[in-house]
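Engineer: Numbering (this note's numbering), first residue to last: 4 to 585.
Ideal placement from N, C-alpha and C gives every residue a C-beta, glycine not left out.
Please read all numbers here as calculations on a predicted model, not as lab measurements.
Have a look at the structure that comes next, please.
Okay, structure coming up:
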């Protein structure tokens, strides 16, 4: 299992939520995980490794060597811990409960207060329903504690106090010496309040049997949470100001975090602190020898397959990028990259567009049966309309089926999607059209290596290379499409032509989705007209789909104008049939 699959599978198991109200984004451009909210629900940002050298990566603020087996294991464990922790928040946290409470309060003190209270609630949820994950969280707390700067190295008094609360709550002690007695007592007071809230919540969770009961508990927690928040905030106010809202690296982070060293502790020290952390997280008065073997097993987990899969995937991506850099060496593109990924957005739109996709497929299936045979069969998938007609007429016909596999000619499709700024107001429509075309290509073209999809502005984006299968990662790239920059339409077509060379399919087609207002350099409109004529002379079909724009007719002989994906069925299939008839 890789990072992508593990995040999606585990998060949905823990949260009991689907993509309609939960989004998961994997980023190597951020340092720490975070949880945010959009109009559908929670958005979870998970950190994935960012390569900094041949076998070196940066992850959750750590510099790690993937040749080192211990460092590989720590990376995977911290990744899993971030999924457990943020998923618990997505399942149970109710940040709206503080909406009125935060008014006229200092932002950082209020946010830190809310953060540690919701962490206590999340821990109660994991203890109630996912307690077998506690040893891994204990090891994550150990790794974080060992990376934490000692008390004396933290400059601001307010930040020292907040950091002390976190380490006392997770490991049972404050890191560093010379801690004032008054501060220690205040830390113990706040941690005691958090533990009491966690215990009370855990008891309520253990009494639930249905999701409805869980919802009632969440609503019932509002009053005790606000009472605890008021008490903690009052104590925090005695320790001055700090803009930082500290959190362990695998937890939900809120901006700048300067509290952790980039190197990790050794295996022995990690194990030693993990024993203490497990005693704290499992509410034991002393370390349990019975759990030591389990902690050791976690620290010695074989993760070689995980990183072999990740490394192979990254190498394939780099190889693809190099290929398009060569194909596009004579173009004006600034860079060749993969789009951001957003699988939840793809799934949400796919549900809404299902009927449009089916209608396009039905039209193209009839067109692509080029053997001259009647497409009706006596075995296969039931054609509902044919079946109704047979029943109504009391006919003896049995040819009410259509073939599951089409009798097709060999096609090769290149789909180009304009991601420039001029289409920014139609981002959703463009993404939906791209989604429909991808689903159609997947079903119409039996050879999945005979179609590719790309996006462009002043950069060139590989959505699906011809050598890639139509996996969830490809779908996530479609879901992550955004708009900005210039519109280098002729350059994208040039790369498409180069990519089609050397292939022997009977029919080669380039489909361009754009508003057809090329921009970005001198004479770009002239270049577009010239490259379209060149493509036609090569015998390659080229079809333009104008998004809310008639400008497509200035450049493309075979074209259609659509305002939304629902018009694709009628208009694109008509344009495709016109092209196929020539």
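Report yes or no: do the segment 223-235 and the segment 144-154 share at least 3 C-beta pairs separated by less than 8 angstroms?
Structural biologist: As far as the Cβ criterion goes, the segment 223-235 does not touch the segment 144-154, which means the pair count is below three.
Engineer: On the DSSP letters alone, give me the boundaries of the alpha helix (DSSP H) that residue 326 sits inside.
Structural biologist: The sequence position of residue 326 within the chain shown is 323, counting from 1. Where residue 326 is concerned, the enclosing alpha helix (DSSP H) stretches over 307-330.
Engineer: Out of 90, 105, 152, 359, point me to the one whose CA is closest to residue 129's CA.
Structural biologist: For the purposes of this step, residue 129 is identified with residue 126 of the chain shown, where counting begins at 1. The candidate whose alpha carbon is nearest that of residue 129 is 90.
Engineer: Considering only DSSP beta bridges, list what residue 420 is partnered with.
Structural biologist: Indexing the chain shown from 1 puts residue 420 at position 417. DSSP, once it has assigned bridges, lists 458, 516 as partnering residue 420.
Engineer: Taking DSSP as the reference, what is the three-state secondary structure of residue 553?
Structural biologist: To locate residue 553, count along the chain shown from 1; it is residue 550. Coil at residue 553, not helix or strand.
Engineer: Among 344, 96, 330, which residue has its Cα nearest to the Cα of residue 338?
Structural biologist: On the chain shown, residue 338 is found 335 positions in, with the first residue counted as 1. Cα-wise, what sits closest to residue 338 is 330.
Engineer: Rounded to whole angstroms, what is the Cα-Cα separation between residue 87 and residue 52?
Structural biologist: The residue labelled residue 87 in the question sits at position 84 within the chain shown. The residue labelled residue 52 in the question sits at position 49 within the chain shown. Their backbone Cα atoms lie some 18 angstroms apart in a straight line.
Engineer: Is it true that the CB of residue 463 sits closer than 7 angstroms to the CB of residue 341?
Structural biologist: Your numbering for residue 341 matches position 338 in the chain shown. Your numbering for residue 463 matches position 460 in the chain shown. Not closer than 7 angstroms, so no.
Engineer: Considering just the uninterrupted stretch of the beta strand (DSSP E) at residue 276, what are its terminal residues?
Structural biologist: The residue given as residue 276 occupies position 273 in the chain shown. Taken as a continuous stretch (DSSP letters only), residue 276 belongs to no beta strand (DSSP E), being part of the alpha helix (DSSP H) at 270-284.
Engineer: Report yes if the CB atom of residue 138 is closer than 7 angstroms to the CB atom of residue 301, and no otherwise.
Structural biologist: Within the chain shown, the letter at position 135 stands for residue 138. Within the chain shown, the letter at position 298 stands for residue 301. A contact, by the Cβ cut-off of 7 angstroms.
Engineer: Assuming residue 157 contacts residue 262 under a Cβ cut-off of 8 angstroms, what Cβ separation, rounded to an integer in Å, is found between them?
Structural biologist: As a working note, residue 157 is residue 154 in the chain shown. As a working note, residue 262 is residue 259 in the chain shown. Going by Cβ atoms, the distance from residue 157 to residue 262 rounds to 7 angstroms, so yes, they are a contact pair.
Engineer: Could I get the ranges of all uninterrupted alpha helix (DSSP H) runs contained in the segment 448-500, with 4 residues as the minimum, in chain order?
Structural biologist: Runs of the alpha helix (DSSP H) inside the segment 448-500: 475-482.
Engineer: In three-state DSSP terms, what is residue 65?
Structural biologist: Position 62 of the chain shown, counted from the first residue, corresponds to residue 65. Strand.
Engineer: Out of curiosity, what's the CA-to-CA distance linking residue 351 and residue 580?
Structural biologist: One-based indexing of the chain shown puts residue 351 at position 348. One-based indexing of the chain shown puts residue 580 at position 577. If you take the alpha carbons of residue 351 and residue 580, they lie about 30 angstroms apart.
Engineer: Which residue or residues does DSSP assign as beta-bridge partners of residue 562?
Structural biologist: For the purposes of this step, residue 562 is taken as the residue at position 559 of the chain shown. Looking at the DSSP assignment, residue 562 forms a beta bridge with 547.
Engineer: Straight-line CA distance for residue 525 to residue 519?
Structural biologist: As a working note, residue 525 is residue 522 in the chain shown. As a working note, residue 519 is residue 516 in the chain shown. Spanning the two alpha carbons is a distance of roughly 16 angstroms.
Engineer: Report yes or no: do three or more beta-carbon pairs, one from the segment 553-563 and one from the segment 418-437, lie closer than 8 angstroms?
Structural biologist: In short, these stretches do not touch, since the Cβ pair count stays below three.
Engineer: Report yes if the CB atom of residue 306 is closer than 7 angstroms to the CB atom of residue 363, and no otherwise.
Structural biologist: Start at 1 with the first residue of the chain shown, and residue 306 comes out as number 303. Start at 1 with the first residue of the chain shown, and residue 363 comes out as number 360. Cβ atoms of residue 306 and residue 363: not closer than 7 angstroms.
Engineer: CA-CA distance, residue 107 and residue 238?
Structural biologist: Here residue 107 is taken as the residue at index 104 of the chain shown, counted from 1. Here residue 238 is taken as the residue at index 235 of the chain shown, counted from 1. Distance between the alpha carbons of residue 107 and residue 238: 17 angstroms.
Engineer: Quick check on the burial criterion: 16 or more other C-beta atoms within 10 angstroms. Buried or exposed for residue 474?
Structural biologist: Taking the chain shown and counting its residues from 1, the one referred to as residue 474 is at position 471. Counting Cβ neighbours within 10 Å, residue 474 comes out exposed, since fewer than 16 surround it.
Engineer: Assign residue 541 to buried or exposed, taking buried as 16 or more other Cβ atoms, counted over all protein chains shown, within 10 Å of its Cβ.
Structural biologist: By 1-based counting over the chain shown, the position of residue 541 is 538. Its Cβ having fewer than 16 others within 10 Å, residue 541 is exposed.
Engineer: At a cut-off of 6 angstroms, would you count residue 508 as near the ligand SAH, judging by its Cβ distance to the nearest heavy atom?
Structural biologist: For the structure depicted, the ligand SAH is absent and the ligand set is empty, with no information on it obtainable.
Engineer: Count the CB pairs spanning the segment 165-177 and the segment 54-71 that are closer than 8 angstroms, and state whether there are at least three.
Structural biologist: Counting Cβ pairs under 8 angstroms, fewer than three are found: no touch.
Engineer: Spatial neighbours of residue 481 within its chain, please: C-beta separation below 7 angstroms, excluding the five flanking residues on both sides.
Structural biologist: Translated into the one-based positions of the chain shown, residue 481 becomes position 478. Within the same chain, residue 481 has close Cβ partners 349, 434, 437, 438, 441, 466.
Engineer: My parser needs the alpha helix (DSSP H) runs of 4 or more residues fully inside the segment 119-183; what are they?
Structural biologist: Entirely contained in the segment 119-183, the alpha helix (DSSP H) runs reaching 4 residues are, in chain order, 137-150, 160-174.
Engineer: Between the Cα of residue 499 and the Cα atoms of 416, 296, 584, which residue gives the shortest distance?
Structural biologist: Looking up residue 499 in the chain shown gives position 496. When each option's Cα is compared against that of residue 499, the closest is 416.
Engineer: If you run the structure through DSSP and keep just helix, strand and coil, what is residue 90?
Structural biologist: Along the chain shown, read from residue 1 onward, the residue named residue 90 stands at position 87. DSSP places residue 90 in helix when its eight states are reduced to three.
Engineer: Since I believe residue 543 is in contact with residue 515 (beta carbons under 8 angstroms), could you give me their beta-carbon distance rounded to a whole number of angstroms?
Structural biologist: As a working mapping, residue 515 is identified with position 512 in the chain shown. As a working mapping, residue 543 is identified with position 540 in the chain shown. No, residue 515 and residue 543 are not in contact; Cβ-Cβ is about 12 angstroms, not under 8 angstroms.
Engineer: Starting from residue 522, follow its DSSP beta bridges and name the residues at the other end.
Structural biologist: Position 519 of the chain shown, counted from the start, is the residue given in the question as residue 522. According to DSSP, which records beta bridges pairwise, residue 522 is partnered with 490.
Engineer: What residue range is occupied by the uninterrupted alpha helix (DSSP H) comprising residue 535?
Structural biologist: The count along the chain shown starts at 1 and reaches residue 535 at position 532. Looking at the DSSP string, the run of the alpha helix (DSSP H) that includes residue 535 is 527-540.
Engineer: If you draw a straight line from the C-alpha of residue 179 to the C-alpha of residue 153, how long is it?
Structural biologist: The count along the chain shown starts at 1 and reaches residue 179 at position 176. The count along the chain shown starts at 1 and reaches residue 153 at position 150. Those two C-alpha atoms are separated by around 5 angstroms.
Engineer: Would you mind reading off the limits of the beta strand (DSSP E) that contains residue 248?
Structural biologist: Here residue 248 refers to the residue found at position 245 when the chain shown is read from its first residue. Where residue 248 is concerned, there is no enclosing beta strand (DSSP E), given that its DSSP letter is neither H nor E.
Engineer: Could you tell me the boundaries of the alpha helix (DSSP H) in which residue 239 lies?
Structural biologist: Within the chain shown, numbered from 1, the residue matching residue 239 stands at position 236. First-last of the alpha helix (DSSP H) with residue 239: 225-239.
Engineer: Pick from 60, 483, 84, 272: whose alpha carbon is nearest that of residue 31?
Structural biologist: As a working note, residue 31 is residue 28 in the chain shown. Of 60, 483, 84, 272, the residue nearest in Cα terms is 60.
Engineer: If I'm right that residue 453 touches residue 414 with Cβ under 8 angstroms, what's the distance once you round it to whole angstroms?
Structural biologist: The residue given as residue 453 occupies position 450 in the chain shown. The residue given as residue 414 occupies position 411 in the chain shown. With a Cβ gap of about 6 angstroms, residue 453 and residue 414 count as contacting.
Engineer: Assign residue 507 to one of three DSSP states: helix, strand, or coil.
Structural biologist: Sequence index remark: in the chain shown, residue 507 carries index 504 (1-based). DSSP places residue 507 in coil when its eight states are reduced to three.
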